[in-house]
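Protein chains in written order, with the numbering used here: chain C, 1 to 148; chain U, 1001 to 1721; chain X, 2001 to 2168.
Positions of the beta carbon are idealized from the N, C-alpha and C atoms, including for glycine.
See below for the structure under consideration.
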Amino acid sequence: MRRVLVVEDSVSARAFVRAVLEAPEFAARHGGVTVLEASCGFDAMRLLPRGPYDLIVTDINMADINGLELIHFIRKSAHHATTPLVIISSLRGEQDVDRGIALGANAYLGKPFTAEQLRETCERLLGESPPSGLAARPGEPAKSGSGS
Amino acid sequence: MAEGGGGRGDGGDKVRDEFFSEAQELVDGLGRDLLALDDALKHGRTDVELVNDVFRAVHTLKGLSALFGVTRMAGLSHELEEVLDDLRLGRLEVTATLLDLLFRAVALYSRILAAEKGDGEEPSAEIEQLLLALGQTSQRPTGRGGGGVAQYDLDPALFGVLTEYEEHRLRSSIQQGLSLFRIRVRFSLATIDSALDELKASARPHGEIITYLPSGSGADVDTIELEILMAGRATVDVLRGAIAAPNVAIEEVRRRTASSSQPAGRPAEQLVSQAAPPLATSGAASSAPPAAPRQPPAVATRADAAEMSLRSVSQTVRVDIRKLDRLMTIVGELAIVKTAITRLSERARARAADPRELAMELQRLNRSFDRHLAQMQGGILEVRMVPLGQVFDKLARIVRQISRDLGKEVNLVVTGADTEIDKLIVEELSDPLMHMIRNAIDHAIEGRAERLRVGKPPVGTLALNAFQKGNHVVIGVEDDGAGMDPKGIVAAAIRRGIVTAQEAAELSPRDVLALVFMPGFTTRDVATDTSGRGVGLDVVKTNIAKLGGVVDIASDVGIGTKITVTLPITLAIINVLLVEIAGRLFAVPLASVDEAIQLDASQLRAVDSREVMTVRGASLPICRLDRLFGLAPSHGARKYVVIAQVGTRRLGFVVDEIVGQRDIVIKALGQSLKGVRGFAGATELGDQRVALVLDVAALVEEVLSPGEARFLGWQPAARGA
Amino acid sequence: MAAPSKARTEKRAARRAGEMGSRTEYLAFLLAGENYAVRIGHVAEILRPPPITEVPRSSPTVLGVISVRGRLVTVVDLRRRFRLPEAPLNTPMDRRARILLADVGRGEQIGLLVDEVQQVWRLAVEEIEPANALGGEQPAYIAGIGRPAAGDGTVLILLDLDPILESP
């Protein structure tokens, strides 16, 4: 089971991302996907302790705590210093995206992106890391991600 | 562009519905913000936060519309965003002309959304024109002048986490020589929302909050630590006094000034002189644009006035959570009744109870159930209620646009925006109110010169008000314009063939005014662009009648006009007359019923294969509903006639019995029965029995088709072609 | 080897049944003496018929409307729709008659009046014949023929509700 945190202030954009990640074929390939939604930086901070997360998807232009500050905070934290992180944003200036990557984001998807692009990016980032919480214990073979 | 509209393949319609709902909210909010900006501009202010809010709304709309494949909207938003970014970064100034463009954009957004839903054409031409005008507005920067930052003891890493906009606000504050403060706070997760709102409210009068930085390790899951960066002119003590709260520590960001007094003076001067040139250049830059777009708006405005509807594309309602809480309480009480019933049924099965006692207990529970069910019904109807302010906001935009188009300054005064009414009615109301307002501004309110001549204030006043009166809501549209001249109305009505001279002479003053609601009426022979499109007040009256409401007009020549619309609070409950036809029960909405009398067979005669009854000397066509509906007639001795009136037409429906008057909740018949004529819906009468509700207007139309109009008792003189 | 025990025979049969591939559940009902069935997922509810209010001038296949927990539901006469023999005049509705509620979409439901509701059959792919096996042009609402293996010769006419719901 993969856990994904989506941080985005637009309700329908969150619904769109959730629909892509929870689509049966995609979810099945990753042993099931649970999506948690945060509508702002504060909510994201509230949900972070409920991790660990296998993937974080975040917008940059949000009120109060902007996405960059959130990424900075996430990368400083003990549990999510290396969690795969995608920025989804429709920014005009490259400066903000550059700052995001500099702070440790792994990928950037510019809005508008297609469902296919989102799937590909998430597929790649999820595939490159083992499922959180299922790390093999010594003496046990590592479990594959497709446990029921 | 997102292929095929992102939301459609995955999760389908539901996600797309979310889009429409959110987009509509954003557009509505945008409209309100623009009105506020307009207001601020009139008073010589610019609200930086508002400009940023407008930017963010357009930015979000851009992202959303692109994601869901609404390309036109994405394209428009992209251009708007450029201009708004220039505005918020100080490269452009807010001017009335610029606001005009923004208002036009909002109107276009609504039309694009409607077109996406299949309601209307996409306004491609107008979008092109607006894009052209916007393209000429946006300016490229002449340097932002970044000096002065080094003076402050700020962590350089800070710039790595600020967005471009936040950085601009910071530098701008520094340029203005404001003090910077760090406010460290620790909030408990449970109360952070309200605590934060309070802090923002206390801080706002003293400056601008630049950004919120999460600090702390995040190890404690119950609290959040933040470092808030703020700029302002106050001293740190004042700030500490204003934002006093536990877990709040405020300190000023040190300014590095050289230790000796002289150098201390110079950096300050440098700060000031550095500030001057950038401001001057940005001033020069922004004085150029207003000249350019002057042409396009003039050309485009006429086209824009074309059919525009104020309806929302979204069918959703925002609900006050307290209303939902009340409903939950009622559900809880219903659950208690249900448990009692279960216990009772167990006892009955076990034959453990005295039948009489059982019966009494059942009856008690039944009454309790009824009561709670009625409360629940009331509660749910309440949820459908929305404040009229929703439609008043949209009307404010229209007023602004029309008054600019016509060059008439109009002051809009709104009261009672809190008054609540059913969401469906609000949607249906927007357009009729818009037409009334158009009429008022175009025809009623005089131009400046004329007003001064007759001793009125130069600016006309349009007052929109609403209040609740029992089961009804009363909405008034009042102007202090020229008023309606009864003589002019009569003349125009005669000219249009709506009444003959003799009939006109017999009309009371009120009836004369009511003539303006007749189809084909207009006092203008030349259609003006804004309202002469044949959307007469008759359409307004019909639309209001469809909602079960009535329109009244009162006017004094030279003083003003007031149009009053009275509507039932909710469409869902109507007052009906229950009648029996061929052994079945039907409901006739009382709003369309004039009276009910006994059928006097001696007064019947046949005229050209139609039955007509003489009532008080006038001929009333009648209709035997049992025959019309193909039901086996009952042959009772006594029958009754329910006389319905729709507009100027009267028709008597023959029924077997008049059962009584009732308030009912009307439900729509399903799509499967769409083709059936004559029924507005149905209602449950209790005991699972259903009675159909007659659609009186449709039946009158069906029975009295135009060719038969000559049989009406009183009728307008022959109409000119 | 000793004869296999009864339990093991049953187990083997069940496994074989499971091996026959995925099965779909169908709700069977009686209408004018014939057995019909619809996919159970399409039936939202089964009701004892409440009083049905006739709607004058509606299509002949519409029996009327009923109220289900405050909502209006149109009831379709399947006999008329399928052009089956009419029930003899003035027969009171059999106490076994039921109304099946099917979702049409957008929150609307349609009720189908049937003579009697029978049972649920789990049909495997092999137990279903396509409609054209009946030969000739079959109405759109017939989706196929079901012959449950354990049915003792029962033949079910499988219905596709969409054509019925779209134009009742």
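| Query | Result |
| --- | --- |
| Identified DSSP bridge partners for Ser89/C | Gly110/C |
| Contacts that Ile2066/X makes with chain U (C-beta to C-beta distance below 9 Å) | Gln1688 and Val1690 |
| Selection from Ile1666/U, Ser1508/U and Tyr1165/U that minimises the alpha carbon distance to Val1576/U | Ile1666/U |
| Exposure of Leu2165/X, with buried meaning 16 or more beta-carbon neighbours within 10 Å | buried |
| Neighbour flag for Ala1066/U against chain C, beta carbons, 8 Å | yes |
| is_contact[Glu1728/U, chain C] using C-beta, thresh 8 Å | What is shown of chain U runs 1001 to 1721, which leaves residue 1728/U out entirely. |
| Alpha carbon of Leu1685/U to alpha carbon of Glu1346/U, nearest angstrom | 30 Å |
| Which residues DSSP lists as bridging His1472/U, in chain order | Lys1469/U and Pro1568/U |
| Short Cβ contact (8 Å threshold) for Val1579/U with Val1693/U | no |
| Where Lys1667/U sits in the DSSP three-state scheme | strand |
| Stretch pair the stretch 1095–1113 of chain U + the stretch 1393–1400 of chain U: three plus CB contacts closer than 8 Å | yes |
| Ordered list of beta strand (DSSP E) runs contained in the stretch 1175–1204 of chain U, each at least 3 residues | 1179–1188 |
| Distance between Gly1379/U and Leu1462/U (C-alpha atoms, nearest Å) | 35 Å |
| Thr1415/U, DSSP secondary structure in three states | strand |
| Span of the beta strand (DSSP E), counted from its first residue to its last, around Gly1652/U | Arg1649 to Val1655 |
| Short Cβ contact (8 Å threshold) for Leu1547/U with Glu1701/U | no |
| Residue-level contact to chain C via CB, Gly1143/U, 8 Å cutoff | With a pLDDT of 45 at Gly1143/U, under the threshold of 50, the predicted position of this residue should be treated as unreliable, though the coordinate-derived value follows. No, Gly1143/U lies away from the interface with chain C (no Cβ there is under 8 Å from its Cβ). |
| Separation of Pro1519/U from Arg1649/U, as counted between CA atoms | 14 Å |
| Proximity test, Cβ basis, 8 Å: Glu1166/U and chain C | yes |
| Beta-carbon contacts of Val1703/U that lie in its chain and below 8 Å, excluding the five residues immediately before and after | Pro1621, Cys1623, Leu1628 and Leu1651 |
| Inter-residue spacing [alpha-carbon to alpha-carbon] between Thr1329/U and Glu2108/X | 28 Å |
| Beta-carbon gap between Val1655/U and Val1642/U smaller than 8 Å | yes |
| Under 8 Å by beta carbon: chain U residues contacting Glu123/C | Going along chain U, no residue has its Cβ under 8 Å from Glu123/C, so there is no contact; the nearest lies around 15 Å. |
| Beta-carbon neighbours of Glu2108/X, restricted to chain U and to distances below 9 Å | Gly1670, Gln1671 and Ser1672 |
| Neighbouring residues, chain C, relative to Val1248/U (Cβ below 9 Å) | Chain C residues near Val1248/U: none, gap ~16 Å exceeds 9 Å. |
| Whether Arg1016/U touches Phe1068/U by CB criterion (8 Å) | yes |
| Leu2165/X: CB within 7 Å of a non-hydrogen atom of the ligand COA | For the ligand COA, the structure offers nothing, since it holds no ligand at all. |
| Asp1033/U versus Arg1088/U: straight-line alpha-carbon distance, rounded | 14 Å |
| Under the three-state DSSP convention, the category Lys1562/U falls into | strand |
| Own chain residues within Cβ distance below 7 Å of His1078/U, not counting five before or after | Lys1062 |
| Residues that Arg2071/X bridges to, as DSSP identifies them | Val2068/X |
| Met1360/U burial status per 10 Å Cβ neighbour count (16 or more: buried) | exposed |
| Selection of the stretch 2129–2149 of chain X by Cβ proximity to chain U, strictly under 8 Å | none |
| Contacts of Lys1667/U in chain X (Cβ-Cβ under 9 Å) | Ser2067, Gly2070, Arg2071 and Leu2072 |
| Per DSSP, cross-strand counterpart(s) of Ser1555/U | Thr1561/U |
| Within chain X, the residues that Leu1631/U reaches when beta carbons sit closer than 7 Å | Pro2056 |
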